[in-house]
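Below you'll find the structure, written out as structure tokens, and then a few comments.
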Amino acid sequence: MLSIRFEGGNPDKPFVDVSATSRPVLPADLPVLSASAQQTYGVFNPQRLRFWSSAEAGAFVGTQPDMRVLAAPVRDLQPRPTPPELSLRPTLDTSQLAAAREAYADVDRLHPAHPGQARIFSEEDLQETVDAGTMFDVLRNGEWVGYVGVLPKPKHGLNAYSLQELILASACRGRGYGAALTTLLAQALPQGDRVLLGTIHADNRGARQAALQAGRVDIGGWSWLPLLHALA
14 MLSIRFEGGN PDKPFVDVSA TSRPVLPADL PVLSASAQQT YGVFNPQRLR
64 FWSSAEAGAF VGTQPDMRVL AAPVRDLQPR PTPPELSLRP TLDTSQLAAA
114 REAYADVDRL HPAHPGQARI FSEEDLQETV DAGTMFDVLR NGEWVGYVGV
164 LPKPKHGLNA YSLQELILAS ACRGRGYGAA LTTLLAQALP QGDRVLLGTI
214 HADNRGARQA ALQAGRVDIG GWSWLPLLHA LA
């Protein structure tokens with residue numbers, strides 16, 4: 014099943030989404046999907062088609078990998094050592110949101126592709142996670158240095174904790190703390206039978222490596238297929 018979508022809700026960025034399939038997408042399917050997308054939604058002049066696959070990133074020639082889903086049972090992520098200077102405490106309000114936004118801005122300045130890969134959530138989303146009791150301040154030696162939090166909700170057919178945010182202040186990056194945050198988060202969550210699940214852009218190698226080191230597994234992701242014959 015195909016549907017027309019708009020990136021970020023922007024009407025100037027239409028794309029065709031492979032919303033549902035009866036079997037996994039194979040490389041041989043791409044020409045047919047491309048033709049169907051342009052025939053059905055050509056009036057929108059979509060430039061790309063997005064599809065999901067459990068194949069590794071880059072497995073489809075001529076496509077561009079997008080977000081990957083990395084997941085693992087919470088209980089499997091808990092028994093790992095963490096740096097003694099790091100700890101978590103429940104987030105009580107949104108008072109550190111400005112600092113978190115500055116941390117994102119620092120990453121954006123250092124990595125020009127980052128704004129297209131990840132954005133900090135809104136104040137409303139932060140408050141929702143705080144209200145759920147699953148948002149945490151990251152502390153280093155007792156001082157705030159970041160956020161990590163999830164929402165308990167089904168996703169991709171799994172009984173999941175969906176990762177909402179994981180951000181560290183710039184002074185704490187490059188110290189190997191990323192994997193430790195996943196461990197600390199897993200240890201703080203009350204339901205070990207859930208799956209901790211989050212998306213990371215395929216090109217965000219640092220974040221992906223930290224997730225893999227923490228024990229999460231890449232279970233698949235989306236890819237973009239350019240629609241070379243999109244209407245002018």
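Quick note on the working numbering: the sequence shown kicks off at 14 and runs consecutively. Don't be surprised by glycine CBs; every beta carbon is placed ideally from N, CA and C. Model, not experiment: these values are computed from the prediction.
For the beta strand (DSSP E) containing S236, name the first residue and the last one. Counting along the chain, the beta strand (DSSP E) containing S236 begins and ends at V230 to P239.
Beta-carbon separation of L99 and R36 under 8 Å? no
V82 bridges to which residues according to DSSP? T212 and G233
Tell me the residue span of the alpha helix (DSSP H) that contains D138. For D138, the enclosing alpha helix (DSSP H) has its first and last residue at E136 to A145.
Whether I232 touches A33 by CB criterion (8 Å): Contact annotation: I232 and A33 have beta-carbon atoms that are not nearer than 8 Å.
Can you give the beta carbon distance from V87 to L202, rounded, assuming they're within the 8 Å contact cut? Contact holds; Cβ gap of about 5 Å.
Using 8 Å as the threshold, is the segment 206-222 in touch with the segment 99-110, meaning 3 or more CB pairs across them? no
Are there 16 or more other CB atoms within 10 angstroms of the CB of Q51, so buried, or fewer, so exposed? Q51 comes out buried.
For D89, which residues of its own chain have a beta-carbon under 7 Å away from its beta-carbon, when the five flanking residues on both sides are left out? G228
Cross-strand partners of D119 (DSSP beta bridge): Bridge partners of D119: none, in fact.
Quick check on the burial criterion: 16 or more other C-beta atoms within 10 angstroms. Buried or exposed for V230? exposed
Buried or exposed: which applies to A243, given that a residue is buried once 16 or more other Cβ atoms fall within 10 Å of its Cβ? With a pLDDT of 47 at A243, under the threshold of 50, the predicted position of this residue should be treated as unreliable, and no value is reported.
Selected residue, minimal CA-CA separation from V149, among F64, E178 and K166: Note that residue 149 is Phe in the sequence shown, not Val. Out of F64, E178 and K166, E178 has the C-alpha closest to the C-alpha of F149.
On the three-state DSSP scale, how would you describe D42? helix
Compare the beta carbon distance of R63 and D42 with 8 Å and say whether it is the shorter of the two. no
Do A116 and S183 count as a contact pair if the criterion is CB distance below 8 Å? Judged by their CB atoms, S183 and A116 are nearer to each other than the 8 Å cut-off.
Straight-line gap, L238 to Q60 (C-alpha atoms, nearest Å): So the two alpha carbons sit approximately 9 Å from each other.
Under 8 Å Cβ to Cβ from G234, same chain only, skipping five residues before and after it: list those, please. W65, S66, A70, P78, D79, M80, R81, V82, T212 and A215
CB-CB under 7 Å to Q226, same chain, minus the five flanking residues each way: which ones, in chain order? A192
If you draw a straight line from the alpha carbon of H127 to that of G219, how long is it in whole angstroms? At H127 the pLDDT is 49, less than 50, meaning the model places this residue with poor confidence; the figure from the coordinates comes in the next sentence. If you take the alpha carbons of H127 and G219, they lie about 11 Å apart.
Only counting the same chain, and skipping five residues up and downstream in sequence, which positions put a Cβ closer than 7 Å to that of A145? L164 and P165
When DSSP builds the beta bridges, which residues end up paired with L181? L181 has G159 as its beta-bridge partners, per DSSP.
Per DSSP, cross-strand counterpart(s) of P103: Note: P103 sits in a beta bridge opposite F149.
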